[in-house]
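Numbering (the working numbering), first residue to last: 732 to 1088.
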């Protein structure tokens, strides 16, 4: 019986880093060319750590085509890129493309999935793949869940873990999540970072970028350096990713206490703070408003009225992700990236192209 090649997935959201906050704030543009470059750096690191096969979805803006073309280059050969396979998808140019790609990768038994996108993209992938670990890469707008890091280092960590050289207790991190539930409506949705309660009655343009449109925020973690809705708690009542609990904050424009918050890149607003405190796991919290909308990970998705009873609960059973810092620290301690002359064909023992090739 032939051995199955060591396979990982890469999902890059074509639309991430291109939303309305380029108009309402000063968010930067993460172009398709930038994403292709990130994917190629991942492929070089994956090849160096023994990954043999990579699954990717197709897209309608040319990213997959560019990667395929560049896979035949001298640089790709010298870097020992893994073999590429592009999934056969009927593209709708919606989040369902991401979800479908994630499901197909899970069915194929990938060792991990590298995700290029913002909080929403990571949430969509996590919803489909169970405990397949995510290698998170930030290419969205307000990114809190995916940490900003160089793709080459992230790829080395992901490749070392996927190839079985890193113990799970070192390489994996179990993330928290927020569950939004309303039994009467059959509602059960998940957020990885924050749930915001807004008095706005309709979903509309989705993104929240005005302080007066916020009444309450629940967060799984909140770091002082964050950008976006989680920055509210991050700058008032911070809580780390590793802490078992989360945090909440109640807001009112008329409050005598206010906080200057970066709600989006380059967009700083004063938010009136009524109260804040810890969010204990497993406790269902009702909302401070009787009607409005709920934003999950920065985008309004759920409308609720007086007859509805949605609750927000912090849950410890979120997705697994690769702890890049922990993996690379362990790799340094164990000399996992050391290259010996006695192993000239080892995937880490990359050779430079010879002159004249």
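From the three backbone atoms N, C-alpha and C, an ideal C-beta is built for every residue, glycine too.
* Asked: How about residue 813 and residue 778: do their beta carbons lie closer than 8 Å?
  -> Mapped onto the chain shown, residue 813 falls at position 82. Mapped onto the chain shown, residue 778 falls at position 47. Between residue 813 and residue 778, the C-beta spacing is below 8 Å.
* To do: Spell out the partners DSSP gives residue 979 in its beta bridges.
  => Locating residue 979 in the chain shown gives position 248, counting from the first residue. In the DSSP output, where bridge partners are listed per residue, residue 979 has 949 and 1008.
* What does DSSP give as the partner residues of residue 993 in its beta bridges? -> As a first step, residue 993 must be located in the chain shown, where it is residue number 262. According to DSSP, residue 993 bridges with 999.
* For residue 864, the nearest candidate out of 870, 877 and 871 (CA to CA) -> Reading the chain shown from its first residue, position 133 is the one you call residue 864. Closest option to residue 864, judged by alpha-carbon separation, among 870, 877 and 871: 877.
* Asked: Taking the C-alpha atoms as reference points, what is the distance between residue 1033 and residue 950?
  -> Taking the first residue of the chain shown as position 1, residue 1033 is located at position 302. Taking the first residue of the chain shown as position 1, residue 950 is located at position 219. So the alpha carbons of these two residues sit roughly 17 Å apart.
* What beta strand (DSSP E) runs, 3 residues minimum, are completely inside the stretch 780 to 853? -> Counting whole runs of 3 or more residues, the stretch 780 to 853 contains the beta strand (DSSP E) stretches 784 to 788, 814 to 818 and 844 to 848.
* How about residue 777: is its Cβ closer than 7 Å to a heavy atom in the ligand GDP? -> Ligands displayed in this structure: none; no statement on the ligand GDP is therefore possible.
* If you check the beta carbons only, do residue 1004 and residue 967 fall under 8 Å apart? -> For the purposes of this step, residue 1004 is identified with residue 273 of the chain shown, where counting begins at 1. For the purposes of this step, residue 967 is identified with residue 236 of the chain shown, where counting begins at 1. Yes, they are a contact pair.
* To do: State the DSSP-derived secondary structure class of residue 890, mapped to helix, strand or coil.
  => In the chain shown, counting from the first residue as 1, residue 890 sits at position 159. Helix at residue 890.
* Can you tell which of 856, 834, 774 and 922 has its C-alpha closest to the C-alpha of residue 810? -> On the chain shown, residue 810 is found 79 positions in, with the first residue counted as 1. Here the closest residue by C-alpha is 774.
* Asked: If you draw a straight line from the alpha carbon of residue 785 to that of residue 832, how long is it in whole angstroms?
  -> Numbered from its first residue, the chain shown carries residue 785 at position 54. Numbered from its first residue, the chain shown carries residue 832 at position 101. Going from the Cα of residue 785 to the Cα of residue 832 covers about 13 Å.
* Could you pull the start and end residues of the alpha helix (DSSP H) that residue 901 belongs to? => Mapped onto the chain shown, residue 901 falls at position 170. Taken as a continuous stretch (DSSP letters only), the alpha helix (DSSP H) holding residue 901 covers 899 to 902.
* Return helix, strand or coil for residue 740, following the three-state DSSP convention. => On the chain shown, residue 740 is found 9 positions in, with the first residue counted as 1. DSSP places residue 740 in strand when its eight states are reduced to three.
* To do: Just the C-alpha distance for residue 743 and residue 766, rounded to the nearest angstrom, thanks.
  => By one-based count along the chain shown, residue 743 stands at place 12. By one-based count along the chain shown, residue 766 stands at place 35. Distance between the alpha carbons of residue 743 and residue 766: 7 Å.
* Asked: So the beta strand (DSSP E) residue 1044 belongs to, where does it begin and stop?
  -> By 1-based counting over the chain shown, the position of residue 1044 is 313. Element bounds for residue 1044: 1042 to 1046.
* **Delimiting residues of the alpha helix (DSSP H) encompassing residue 1055** => Walking along the chain shown from the start, residue 1055 turns up at place 324. First-last of the alpha helix (DSSP H) with residue 1055: 1055 to 1064.
* Using DSSP with H/G/I as helix, E/B as strand and the rest coil, what is residue 769? -> Here residue 769 is taken as the residue at index 38 of the chain shown, counted from 1. If DSSP states are grouped into helix, strand and coil, residue 769 belongs with the helices.
* Asked: Between the Cα of residue 746 and the Cα atoms of 735, 870, 736 and 807, which residue gives the shortest distance?
  -> The count along the chain shown starts at 1 and reaches residue 746 at position 15. Distances from the CA of residue 746 to each of 735, 870, 736 and 807 were compared; the closest alpha carbon is that of 870.
* To do: Would you check if the distance between the CB atom of residue 960 and the CB atom of residue 948 is smaller than 8 Å?
  => On the chain shown, residue 960 is found 229 positions in, with the first residue counted as 1. On the chain shown, residue 948 is found 217 positions in, with the first residue counted as 1. Closer than 8 Å, so yes.
* Evaluate residue 988 with the Cβ neighbour count: other Cβ atoms within 10 Å of its Cβ, from every protein chain shown; 16 or more gives buried, anything less gives exposed. => Walking along the chain shown from the start, residue 988 turns up at place 257. Taking every protein chain shown into account, the CB of residue 988 has fewer than 16 other CB atoms within 10 angstroms, so this residue is exposed.
* Hey, residue 854 and residue 1046 are a contact pair by Cβ (cut 8 Å); roughly how many whole angstroms apart? -> Within the chain shown, residue 854 is the residue found at index 123, counting from 1. Within the chain shown, residue 1046 is the residue found at index 315, counting from 1. Going by Cβ atoms, the distance from residue 854 to residue 1046 rounds to 14 Å, so no, they are not a contact pair.
* **First through last residue of the alpha helix (DSSP H) which encompasses residue 962** => For this step, residue 962 is matched to residue 231 along the chain shown. From DSSP, the alpha helix (DSSP H) with residue 962 extends over 961 to 965.
* To do: Assign residue 1021 to buried or exposed, taking buried as 16 or more other Cβ atoms, counted over all protein chains shown, within 10 Å of its Cβ.
  => Here the question's residue 1021 lines up with position 290 in the chain shown. Residue 1021 should be labelled exposed.
* Asked: Looking at the structure shown, is residue 876 part of a helix, part of a strand, or coil, going by DSSP?
  -> As a working note, residue 876 is residue 145 in the chain shown. Correct three-state label for residue 876: coil.
* To do: Can you have a look at residue 1096 and say buried or exposed, based on whether 16 or more other CB atoms are within 10 angstroms of its CB?
  => Nothing about residue 1096 can be read from this structure; the chain reaches only from 732 to 1088.
* Presumed contact (8 Å Cβ cut-off) between residue 924 and residue 875, rounded CB distance -> Position 193 of the chain shown, counting from 1, holds the residue named residue 924. Position 144 of the chain shown, counting from 1, holds the residue named residue 875. The Cβ separation is near 5 Å, so the contact holds.
* Check whether residue 789 and residue 818 have beta carbons under 8 Å apart -> As a working mapping, residue 789 is identified with position 58 in the chain shown. As a working mapping, residue 818 is identified with position 87 in the chain shown. For the 8 Å CB-CB criterion, residue 789 and residue 818 form a contact.
* Let me know the secondary structure DSSP gives residue 1026 once reduced to three states. => Position 295 of the chain shown, counting from 1, holds the residue named residue 1026. DSSP places residue 1026 in strand when its eight states are reduced to three.
* Asked: Opposite residue 856 in the DSSP bridges: which residues?
  -> For the purposes of this step, residue 856 is identified with residue 125 of the chain shown, where counting begins at 1. Note: residue 856 sits in no beta bridge, so no partner.
* Roughly how far, in whole angstroms, is the beta-carbon of residue 934 from the beta-carbon of residue 1031, given that I think they are within contact range, below 8 Å? -> Start at 1 with the first residue of the chain shown, and residue 934 comes out as number 203. Start at 1 with the first residue of the chain shown, and residue 1031 comes out as number 300. That belief holds up - the Cβ atoms of residue 934 and residue 1031 are roughly 5 Å apart, short of 8 Å.
* Asked: What span of residues does the beta strand (DSSP E) with residue 916 cover, start to end?
  -> The residue labelled residue 916 in the question sits at position 185 within the chain shown. Taken as a continuous stretch (DSSP letters only), residue 916 belongs to no beta strand (DSSP E), as it is neither H nor E.
* **Status (buried if at least 16 other CB within 10 Å, exposed otherwise) for residue 898** => Along the chain shown, one-based indexing puts residue 898 at 167. Its Cβ having fewer than 16 others within 10 Å, residue 898 is exposed.
* **Test item: CB-CB of residue 888 and residue 739 under 8 Å** => Start at 1 with the first residue of the chain shown, and residue 888 comes out as number 157. Start at 1 with the first residue of the chain shown, and residue 739 comes out as number 8. Cβ atoms of residue 888 and residue 739: not closer than 8 Å.
* To do: Name the two residues that bound the continuous beta strand (DSSP E) containing residue 927.
  => For the purposes of this step, residue 927 is taken as the residue at position 196 of the chain shown. That run of the beta strand (DSSP E) goes 925 to 929.
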